[in-house]
Amino acid sequence: MSMMDVCPIHWPRATALASLRLHDFMSSIHEKLFGLRQDTVHKAFYTYLAAYKLLIIVFNFVPWLALILMD
């Protein structure tokens, strides 16, 4: 398993754990920078994580499926 396989898989885990531990801190920073409310920051963050996870699954599953179908 290469580093390109490990990093995209563990990045959502690390950011989700950081969000759970530091959600007030992260929300206050985004609130000051962009003028967003705390619930808007959380919604945007979890939407980003969901999209990122789906893209990782698709870009890891589709090449594997193509290799299986070619064999």
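Take the position in the sequence shown, starting the count at 1, then add 63; the result is the number in the numbering used here. All residues carry an ideal CB built from backbone N, CA and C; glycine is no exception. Note that the structure is a prediction, hence the values are computed from the model and not measured.
Q) With distances taken between CB atoms, is the gap from Y115 to P75 smaller than 8 Å? A) yes
Q: To the nearest angstrom, report how far apart R100 and L83 are at their CA atoms.
A: 17 Å
Q.
Can you tell me whether L117 is helix, strand or coil according to DSSP?
A. helix
Q: Reducing DSSP to helix, strand and coil, say where D137 ends up.
A: The requested residue 137 does not occur in the structure, where the chain is confined to residues 64 to 134.
Q | Neighbourhood of D102 by C-beta distance below 8 Å, restricted to the same chain and skipping five residues each side | A | none
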